[in-house]
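A.B. asks:
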Amino acid sequence: MTGMADGRAQRIGEVVLAVEGVSLSFGGVRALADVSFDVREHEVRAIIGPNGAGKSSMLNVINGVYHPQQGTIRYMGREYHDMDPHEVAASGIARTFQNLALFKGMSVLDNIMSGRNLKMRSNILLQALRIGPALREEIEHREVVEEIIDFLEIQAYRKTPVGRLPYGLQKRVDLARALALEPRILLLDEPMAGMNMEEKQDMCRFILDVNDQFGTTIVLIEHDMSVVMDISDRVVVLDYGKKIGDGSPDEVRANQAVIDAYLGVTH
Amino acid sequence: MFYRENGQFKSTYASDQQMLPILQDRIFMAALLVFAFGAVPFVVSDYLFLSLVIPFLILALAAIGLNLLVGYCGQISIGHAAFMAVGAYAAYNIALRIPQLNFLVVLVLAGLIAAAVGVLFGVPSLRIKGLYLAVATLAAQFFTDWLFARVKWFTNYAHSGSVQTAPIEMLGWKIDAPVEKYLFLLGVLVVFTLIAKNLVRSHIGREWMAMRDMDVAAEVIGIRPVYAKLTAFAISSFYCGVAGALWGFVHLGSWEPLAFNLTLSLNLLFMIIIGGMGSLLGSYIGAAFIVILPILLNQAPQWLGMRVSTAMTSHLELMIFGALIIFFLIVEPLGLARLWAVGKEKLRLWPFPH
Amino acid sequence: MSEDLSGLDTFPKLLLHHTKVRPERPAIREKDLGIWQTWSWHRFAEEVRALACGLAAHGFKRGDHLAIVGDNRPRVYAAMCAAQCLGGISVPLYQDAVAGEMAFPIQNAAIEYAVAEDQEQVDKLLEILPQCPTLAHVYFDEPRGMRHYDQPQLMSCDKLVEIGMQSYRRDPAFLETEIAKGTGSDTAAMFFTSGTTGVAKGVVLTHHSLIDRARAAAEMEGLTDADVVLAYLPPAWIGQNIFSYAQPFVTGYCICCPESAETVMSDMRDIGPTYYFAPPRVFEALLTQVSIRMEDASAIKRSLYRYFMEVARRVGGEILDGRSVGAMDRLMYRLGDAIVYGPLRNVLGMSRVRVAYTAGEAIGPDLFRFYRSIGINLKQLYGSTETSVFVCVQPNGQVKADTVGPAVKGVELSFTPERELLIRSPGLFKEYYRNPEATLASKDAQGWFHTGDAGYVDADGHLKIIDRVKDVGKLADGSLFAPKYLENKLKFFPFIKEAVAFGHGRDRVCAFINMDMEAVGNWAEKRGMPYSGYVDLASRAEVYDLVRECIEKVNVDLAAEPEIAGSQIQRFLILHKELDADDGELTRTRKVRRLHVGEKYATLLDALYGGKQVVHVEAQVRYEDGRTGSISADLKIRDAKTFPAAAGRKAA
Amino acid sequence: MLKNVIGKNWPVLTLGVALLGGLLAPFADKSTMPGFYVEVLLGGLMAGVLYSLVALGFALIFKASGVFNFAQGAMVLFAALAVARLAERMPLWAAILLAMAIMVVLAWLIERLVLRPLVNQEPVALLMATLGVAYFLDGFGQTVWGSDIYSIELGIAKEPVMILAGLFQGGILVNKEDFVAAIVAAALVLGLAVFFQKTPTGRALRAVADDHQAAQSIGIPLNRIWVIVWSVAGFVALVAGVIWGSKLGVQFSLSQVALKALPVVILGGFTSVTGAIVGGLIIGVGEKMAEVFLGPVLVQAFDLAGGGIENWFAYMLALLFLLVRPEGLFGEKHIDRV
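Protein chains in written order, with the working numbering: chain P, 1 to 267; chain R, 268 to 621; chain D, 622 to 1273; chain C, 1274 to 1611.
#1: DSSP beta-bridge partners for P:Ala101?
#2: Strictly under 8 Å for the Cβ-Cβ distance: is P:Arg164 near chain D by that measure?
#3: Using the Cα positions of D:Lys1030 and D:Tyr866, report the straight-line distance between them to the nearest angstrom.
#4: Could you give the DSSP three-state label for C:Trp1517: helix, strand or coil?
#5: Hey, quick one: how far does the alpha helix (DSSP H) through R:Trp607 stretch, first residue to last?
#6: With a threshold of 8 Å between beta carbons, is P:Asp209 in contact with chain R?
#7: R:Asp480 touches chain P at which residues, Cβ-Cβ below 8 Å?
#8: Please work out which residues of its chain come closer than 6 Å, Cβ to Cβ, to D:Val1218, disregarding the five sequence neighbours upstream and downstream, and give them in chain order.
#9: Beta carbon of D:Leu908, beta carbon of D:Leu988: below 8 Å?
#10: Considering R:Ala578, what are the terminal residues of the alpha helix (DSSP H) in which it resides?
#11: Beta-carbon within less than 7 Å of R:Gln275's beta-carbon, same chain only, minus the 5 sequence neighbours each way: which residues are those?
#12: Count the other C-beta atoms from every protein chain shown that fall within 10 angstroms of the C-beta of P:His267, then say buried if there are 16 or more, exposed otherwise.
#13: According to the Cβ coordinates, are P:Phe103 and P:Asp174 closer than 8 Å?
#14: Just mark P:Asp82 as buried or exposed, buried being the case when its beta carbon has 16 or more other beta carbons within 10 Å.
#15: Please tell me whether R:Ser521 has its Cβ less than 8 Å away from any Cβ of chain D.
#16: If you count every other CB in all the chains shown that lies within 10 Å of the CB of P:Ser56, and 16 or more means buried, which is it?
#17: Relative to chain D, which residues along the segment 117-146 of chain P have a C-beta separation below 8 Å, given in chain order?
#18: Counting contacts by CB-CB distance shorter than 8 Å, is P:Gln70 in contact with chain D?
#19: Going by DSSP in three states, D:His686 sits in which element: helix, strand or coil?
#20: Cβ atoms of P:Ile185 and P:Gly92: under 8 Å apart, would you say?
#21: Cα separation between C:Val1500 and P:His223?
#22: Excluding the five sequence neighbours on either side, which residues of its own chain have a C-beta within less than 8 Å of the C-beta of R:Gly602, listed in chain order?
#23: Under 8 Å, do D:Ile649 and D:Ile876 count as touching if we go by C-beta distance?
#24: Does D:Gln728 come out as helix, strand or coil in the three-state DSSP assignment?
#25: Does any residue of chain R have a CB that is nearer than 8 Å to the CB of C:Tyr1324?
#26: Look up D:Asn1135 in the DSSP assignment and give the residues it is bridged to.
#27: D:Gly708 and D:Arg683 look like a contact to me (Cβ under 8 Å); what is the Cβ gap, rounded to whole Å?
#28: Output, in chain order, the set of chain R residues within a Cβ distance shorter than 8 Å of C:Ile1632.
#29: Give the DSSP-derived three-state secondary structure of P:Arg130 in the structure shown.
#30: Chain D partners of R:Arg634, CB-CB under 8 Å?
#31: From the DSSP output, in three-state form, read off D:Trp660 for me.
#32: Kindly indicate if chain P contains any beta-carbon less than 8 Å away from that of R:Met476.
#33: Pick helix, strand or coil for C:Glu1395, following the three-state DSSP scheme.
#34: Which residue's Cα is closest to the Cα of D:Ala737: D:Asp779, D:Asn729, D:Lys1051 and D:Ala730?
#35: Considering only their Cβ atoms, is the gap separating P:Ile62 from P:Val29 smaller than 8 Å?
#36: Given this structure, state the Cα-to-Cα distance separating D:Val1168 from D:Pro1265, to the nearest angstrom.
Okay, here's the thing in structure tokens:
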């Protein structure tokens, strides 16, 4: 494990994503208040905080589901404003969801394949006749997807409808679908929520492997500190929409504000 | 039970992704086609062709069209007869104004025009969902109803408002006899079914289903809602347009403005509910069901030796349709096609239950 | 077999032969990335060549040993052949063995080179590195997770292949000449038998012995390169090795490697092997599954199933053996085949099986008949690592549930006065590696191998095995006591997974029983019997009664065989945990280590004979995830009814 | 200040302007007599009130059970038929009471047999279920009550009366019955509005509408609420049925009337009672205006076979409206949660 951490530490690079003074509110309700932090290439960046701290809102802002009233997001130097989710995805940011957002009506394979659509080019006519490029494309992307299936060890469920899978596995499929985008940055929304210890360990392993083998930058949300601390390089702490801490796991652990925020928060 | 899958392993993705991966299914499908093309023409009477088979084939096509939109892309439409109407009148006018054009070309053009109109009425789907969209599509229904009833140009100034089509002739083949009509329609249907099947198992199909199952997630993985929804509308309307043209030219021959009214739209909807949302097979089953049921209701009393007024049968029909819709939505939301699929699974696992 | 293989006296030579005769025929298929990736003989040979050249470049030379630890993978088999190309010896090790168990073979043969499938295996090898200083090269196939390993001994197979290709380009002739140097009398492989006694021995087998036996059996069954085998058991076990290495090399047929352990069943359904091998426990597990799944079937299905299985039980075997049965029966069987047996074979993945073998231990007669009755040509064979497997095989048409068939061509059988079976055959092993006394003890001057099995040849020349000679003991009153024989009879009941019988030198026979969690659990649920877990269920009075009935049935049979009527089981208890290879209670091939168990559970044994009704037990258990915990329980002890010996009839 | 007011509400404003324009447009043509104009306006308002009535039925049910009740029209027809046929055997008031009872039973049956089994299905499924209900009711109603054209006699003189003769020359012709009907309808609409805002049941209802689970958790019996709502919807349908019936005669086409109410709820916003009312008036007036003033123009321009634009005008209006303000005039915006 430490060996791996070192392996990562050497490769951490420049800032790729910077959130600057983002504020977001629904009607009267304030979800985020002037939040700023940055994410460096190849690092594992955690956003933690008690339930309702605005973590998910933060992700939704980053990948364009919500548009903040104030503040900007700078991605690879370029500032983006009111980008729609699919544009964000196209620019190399993928994500998973807290409460599974898989495509219930499709098989595991199709769910992951759908993550490849951005890279599929053949036009409708070719698809309709399923000839030449369209057919080749289907096969090429199938190959990529199979690599991912192999990577996340879900071979046995390839053709099962996702609805029939146990929760833990569905989480894995969700991750697989995100990986299919070959993202530069991967946003994980409570990847370990509702998992048993063993599943959590597996998920940690997968997250580290992704970061390690594909060099993917990872931003993950958790409300349960314990898991996050040993896999992330830097941690942002939100509470009631405000940033109350930012730094290495140890610094954050020591941070009084954080401790207070977490007092009484059950795990 | 009939399945013997040992040794049917796939060593290439192409073979793994083929339409019917299981040998026994391929055999069955082949037999079915041979039967449909080879045997049916000799065994079925002209009456049955005209009253049952031909309407079934055309409605199946329309149902497939609607299913692509509602069942696969999850965009509800209560006004799809409108696009059939567009197709029918487009074909009528094209054939009328450019007589020398091959009918197949006319069909395609009619479909394209319907597709264009479909996209137009699909635009609201970008802002609104579910119920609101239902109303938007109703607008299409009422508008086209009015358009073709009132704008004389479309009906070539026929004072009755109803239009007459010349029998179809292409490449010297005069499609006149019921059997010929049947074979022609069957050919068209097979091709269009194949195309639909290809679409739904290509990435466009996956984009539609993604939209249907979880639109936010779909957009987050990079699917463009505009593209996904409008293509669905376009292709769906294209299918209905073609179906409409066929309905007019092959089935009706001549029709009044209200031949494509709300009732037809609702019937299409019922076909895919009863047959099965998101299933091409379901479109067929549903169409068959909707075509056969009224005829059964008309015949049944006589078999039972009862005297029932036509009014009564039409009321019964309404009631039974209504009851069935509710029944299916409650008991098997995925329709008869689902039952078929389950049965097939059971046969594959036979003698085991699961 | 049509083609002429004379002069092809080593596996590498056979490989070259196939690359000439059938370069594009499949040699190995592996379910990987969702499809069956296929290696033609040509491609397989290239892989072997690259690996061999690579090994040579790293100094691997004639007589060196190559340890191979991994599941069934093309590379694993390629590695075996690569070692043999260089005149080396492949030493496959059990991939499910714990690190400690790997130390002995490596030390014993002072092994320098090892091929490991993946991170898991590499970790084990690294763990024992301190005890095995000789181990200098470890090549891993699957790079996943290996990125941060920096031990000098490690190298990926891909790298090795690369190196091999380079040195091959430098000197293309090298390997050909190396292969040419090999002769049949060279050692081909070494298999470590965990041995029921516990001390592992390295069984040295030559190319000739393996090839000769593989060919004899292949000819007998008429195997061709059109046959297909599913390789799903440990390659380190001679049983799997002969079917997935020796015989394909002789006949050129294709072996298929499943995607993963949990997909074996579906992969088997995909592939539909034509030639199948499994130890009885596998067939047993399958049958248990079948009956359990049928339980949930609709009433109509169940009655259909019951009816036609009855028909099959009556005439299925005869029809398979080609004996004549009534037209009506034949018709009914046809019908049954269409709606029950056929589909059943299909879901079991056995539609295409021409020949299925079982061996390793005795198989329950009912179990055996079941498979034959539904049209699967299941046969028993007798053999061991020391004999390159094939000693006796039941020929088509003369299959009996209680024998293992007549001797295969080239094999001589003989018996000692103590009924110990002696074997002389071209397939006999050369020696136990660096263990002359053991070799001497089991292989005498005349070249007879002392099997240690007690048995006899029946009227039709079929061999029948009763038990291990050393286990055949005597009760205090001097009457014969054959524990294995009892245990097998017990294990034939679905509710009993394992049984350990004691009685040697004692006044009566007692037994430990291991219930079958799946079957008994199901039985309990059917009765709406709540239970918290294994220990709880095992201690239920109902379960005890269930087991007692089984035991008493056995006692009835035993009573009918005067010679061992005295061995009727009088007292028993149900163990609080499953006997487990990891706890040293079973061998890797899941044979009970009776002595070890006896010592480990001495207190229980004393209680049994001490006439106690209850005994308290504290025990260490090792969970799947490696953690150990202790469980304590009060085990009941029950008596079973025994029956007066029926006089007259001769013992079977 | 002003700027961001506009910024927020520009769609509504533009629409308002458009409507105003539409209202004033006729005066572009000098020949338009103010008297006639007002007459048309009033006619529109009266029709509008009736639309509101049916729309209210939609809004109620949608608010309380999230169901888009396509069967509203069928209920109108059913109720009208019931009253018409019963009135042949008994005094009108009795017939109406009895019909009301029947509608309650109907509501109960629908809740029991359709809604409960389909609870927390997605809206589209429920919509289709109500389609089924609509079909069933149409068939059932005509089977039970017969399928000819029947009439309901409210005992109000049908002859037109002249009002405001002083104000406009030629005065304004109003059908007395329409007038009464409009009054009744208006009263009913107001009554319901009050019922929702003030009575406990009304409040419970709104609670259910806002959040089913929450409502249940504080002990509001969902199923009973639904029965109530559907009964109220039935009642509304009854009134609408009687009024329309007495006006146009009771016949199958009545069930189509409800289709007119769909654009109304779109315009007003599904969940808003006020919306239903205002929307109804807008549609009513707009439609009449279009029919009377726009229709001829179109016929002229494109040489149509007759006008009849009222068949789609409402829908097109709603459709355009959807594009600028999907949540309708008074409906609340919803946020996608992920």
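For glycine and all other residues, C-beta sits at the position ideal for the given N, C-alpha and C.
Bear in mind the structure is a predicted one, so any value in this text is a computation, not a measurement.
C.D. replies: Well, looking at it:
#1: P:Ala101 is not bridged to any residue.
#2: no
#3: 21 Å
#4: helix
#5: Gly602 to Leu616
#6: no
#7: Leu102, Phe103, Lys104, Gly105 and Met106
#8: Val1121 and Glu1206
#9: yes
#10: Thr577 to Val598
#11: Ile289 and Leu290
#12: Below a pLDDT of 50, predicted positions are generally treated as unreliable, and P:His267, at 43, falls in that range; the measurement from the model is reported next regardless. Exposed: under 16 other Cβ atoms inside 10 Å.
#13: no
#14: exposed
#15: no
#16: buried
#17: Arg142, Glu143 and Glu146
#18: no
#19: strand
#20: yes
#21: 42 Å
#22: Ile539, Ile540, Ile541, Gly542, Gly543, Met544, Ser546, Gly549, Ile552, Gly553 and Phe595
#23: yes
#24: helix
#25: no
#26: D:Glu1119
#27: 4 Å
#28: Given a span of 1274 to 1611 for chain C in the structure shown, any question on residue 1632 of chain C remains unanswerable.
#29: coil
#30: Since the displayed chain R opens at 268 and closes at 621, residue 634 of chain R lies outside it and no answer follows.
#31: strand
#32: yes
#33: coil
#34: D:Asp779
#35: no
#36: 21 Å
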